[in-house]
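So the structure is just underneath, and the comments pick up after that.
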Amino acid sequence: MSDCQDTSAPRHARERRRPRRGIRESPGAITLLTLLFVAVKLTGHIDWSWWWVLSPLWIVAAVVALVLAAVFLFAAFTGKERKTRPG
Numbered sequence: 000m001s002d003c004q005d006t007s008a009p010r011h012a013r014e015r016r017r018p019r020r021g022i023r024e025s026p027g028a029i030t031l032l033t034l035l036f037v038a039v040k041l042t043g044h045i046d047w048s049w050w051w052v053l054s055p056l057w058i059v060a061a062v063v064a065l066v067l068a069a070v071f072l073f074a075a076f077t078g079k080e081r082k083t084r085p086g
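The numbers in numbering that gives the first Met the number 0 rise by one with no breaks, and the one at position 45 of the sequence shown is 44.
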């Protein structure tokens, strides 16, 4: 055997060691922005309330909630129209 593959381990164990593509391991922009706001607040450079310091988190949560509510309402009204149509 001239190649350097470890053939003593089962194939699934060898495949598990490979780095997975498509999985983000770095923090996202919202996380970095929140950490930046917290650091600036704790160092005293800004005098914002904690609501605004943590605003990247709750704004994203609010947007997700609004999108889910819109999808739910759309599905509810579309489903109701299909049930009331004859045929």
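Note that CB positions come from ideal geometry on N, CA and C, so glycine has one too. Small disclaimer: the values here were computed from a predicted structure and weren't measured.
Pro55 beta carbon less than 8 Å from that of Thr33
yes
DSSP three-state assignment for Trp49, whether helix, strand or coil:
helix
Return the first residue and the last residue of the alpha helix (DSSP H) that Thr100 is part of.
Because the chain in this structure spans residues 0 to 86, residue 100 falls outside the shown range and cannot be described.
Quick one: is Phe36 buried, meaning 16 or more other Cβ sit within 10 Å of its Cβ, or exposed?
buried
Just verifying my parser: in three-state terms, what is the DSSP assignment at Ser54?
helix
Rounded Cβ spacing between Val70 and Ile29 (contact assumed at less than 8 Å)
The pair is not a contact, with the Cβ atoms about 21 Å apart (cut-off 8 Å).
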